[in-house]
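Report on one structure; see the data block that follows.
Numbering (my numbering), first residue to last: 666 to 1247.
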């Protein structure tokens, strides 16, 4: 029914491994501790070699240096190759290097005081707020910046039931960092550590105790941020079910393998344990940024503190359709652009800045990609006769014709070589071909639709400073065809411009660019296919969502809990098929 959210009776049923109770047995890697200098030399050497090979091969075999559009296209591809080489180098090094877990205490010798900070602004998730429970003593503070009375009512009711302390500010200064600093000024001195949670965060009941075993180990005395591995818990939409499993790749390649070894700077701003003594050295969280988490991590790094991933699983919700995904991406895009500003002024080493700048570089590609697309169409000219002649030759001699074109040879060789480590990583993560291809189709469609929004967001940020931080929707109804087409309007306009150029100026471009143009055109239909809510066999239960008043109605229905989260809460087990466990 419209405006409702379907709750399943157990979408993870049968998928939970029987031998993984919570974090009682954290992820451990066999073998000797890694040779960290060797890992770093291997990574940087491999990245440089891959990038030089890509750029050199393109320059020597493909680019027509007498053609201005071809030269411009080389510049676009050279920028894109940075991200491609970086990703491929990460995969290879993750596969071939030895890895060791962070040292941890067998048992805690002391009982450090810990506070749990749950931050919300009109987006409280009642089941997550109610589910804050640890087997280690903690004090829970709700940092509530909500302006809607109904959202405040939910917070007050649950806080009263659970014994939480609610903190509200007269004005929302400094966004989330300001709320953290308000708590820090009033209560921070009483605690040695604090845990940051977003409104959709969930921690297993033993997470704080296990995280402290890493934080209290002498080897981690200069680590200020202990970031948990973040998994997804809301699996009642096809959209999330299709995209979420690939988080295992990021956890295997980066979070569990390379980030610590390369001593990178990071903080997700939620699902992490923070050492208060580290924050004392910078006077609180850094305000004035969307990405206050990374800005704070950089400020800590300037004072000699480090960030580390701990092999302990945590959970959050993923946007449930492309509209929520675009809102989150716009927020991340604006935050990523700030990386350059606050890292440029820091004292970080060039290697640490290099890793940090990969995030904004990835978003800059969303400005570069449309330029490359337009260059391939409007930068060259051809006739319908030339297009027909090429198709006739290809039909008669497909292999010979294909191999005679330098660009096709380049793409084939690069594709085959880069696929090998990718396949090995997917096998290591337990991702099958069906899961991969479903993700590939949907992620390509989402990228095509969200591309113009990211470009618009970047241009807007360059023109003016951030005025407000968008809140990512935590629950939305399924999208219909009209809504998907409306959301896709900018992407469809770009498709129209490309098709017009192919028809009027460069028919041969249809042949050369069909591989990426066809998926772009059909992106709205692919998104529509994955935007519905699956219907459980025994029939759905529907709960109103949307406005904060409806959230109150949701909370008022006693016993109603999102089934995916309820499964994790009741079993205390990791959802092995989806969690990203490695």
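Note that CB positions come from ideal geometry on N, CA and C, so glycine has one too.
- Spatial neighbours of residue 1186 in its own chain (CB-CB distance under 7 Å, excluding positions within 5 residues in sequence) are listed in chain order as 1160.
- For a cut-off of 8 Å, the C-beta gap from residue 903 to residue 1144 is around 11 Å, too long to register as a contact.
- Within a 10 Å sphere around the beta-carbon of residue 897 sit 16 or more other beta-carbons, which makes this residue buried.
- Around the beta-carbon of residue 725, fewer than 16 other beta-carbon atoms lie within 10 Å, marking it exposed.
- Cβ neighbours of residue 887 within its own chain (closer than 7 Å, five residues either side excluded): 969, 970 and 971.
- Here residue 878 is buried. Its C-beta has 16 or more other C-beta atoms within 10 Å.
- Residue 1117 and residue 773 have their C-alpha atoms roughly 51 Å apart.
- Residue pairing from DSSP places residue 981 in a beta bridge opposite 897.
- Your pair residue 846 and residue 981 does not check out as a contact, with CB atoms roughly 23 Å apart and the cut at 8 Å.
- With contacts defined as CB atoms closer than 8 Å, residue 757 and residue 859 fail to qualify as a contacting pair.
- Around the Cβ of residue 1102, a 10 Å sphere holds fewer than 16 other Cβ atoms; the residue is exposed.
- A distance below 6 Å between beta-carbons, with the five flanking residues on each side excluded, links residue 1100 to the following residues of its chain, in chain order: 910.
- Nearest to residue 918 by C-alpha distance, out of 1094, 1058 and 1125, is 1094.
- Ranked by how close their Cα comes to the Cα of residue 1007, the residues 1164, 961 and 755 have 961 in first place.
- Secondary structure at residue 932: coil, using DSSP grouped into helix, strand and coil.
- Collapsing the DSSP output to three states places residue 751 in a helix.
- Under the DSSP assignment, residue 784 falls in the beta strand (DSSP E) whose first and last residues are 779-785.
- Under DSSP, no beta-bridge partner is assigned to residue 994.
- Assigned with DSSP and collapsed to three states, residue 773 falls in coil, not helix or strand.
- Counting other Cβ atoms within 10 Å of its Cβ, residue 908 reaches 16 or more and is therefore classed as buried.
- C-alpha of residue 894 to C-alpha of residue 1054: approximately 54 Å in a straight line.
- Segment contact: the segment 1001-1016 against the segment 729-738, fewer than three CB-CB distances shorter than 8 Å; contact not assigned.
- By the neighbour-count definition (other C-beta atoms within 10 Å, threshold 16), residue 885 is a buried residue.
- Judged by DSSP in its simplified three-state form, residue 829 adopts coil rather than helix or strand.
- Our two residues, residue 812 and residue 991, have alpha carbons roughly 23 Å apart in a direct line.
- Between the segment 784-801 and the segment 860-870 there are three or more C-beta pairs closer than 8 Å, enough to call the two in contact.
- Beta-carbon to beta-carbon, residue 1081 and residue 983 are separated by about 32 Å, too far to satisfy the 8 Å threshold.
- The beta carbons of residue 831 and residue 809 sit closer together than 8 Å.
- The residue from 921, 936, 738 and 974 with its alpha-carbon nearest to that of residue 930 is 974.
- Less than 8 Å separates the beta-carbon of residue 1046 from that of residue 1171.
- In the displayed model, residue 803 falls within coil according to three-state DSSP, outside both helix and strand.
- Between residue 1070 and residue 1192, the alpha-carbon positions lie close to 34 Å from each other.
- Looking at 803, 1052, 861 and 927, the one whose alpha-carbon comes closest to that of residue 950 is 861.
- Annotation for residue 923: no alpha helix (DSSP H) segment contains it, and DSSP assigns it neither H nor E.
- By the 16-neighbour rule on beta-carbons within 10 angstroms, residue 1183 is exposed.
- Excluding the 5 residues flanking it on each side, residue 1029 has same chain C-beta neighbours closer than 8 Å at 744 and 1123, in chain order.
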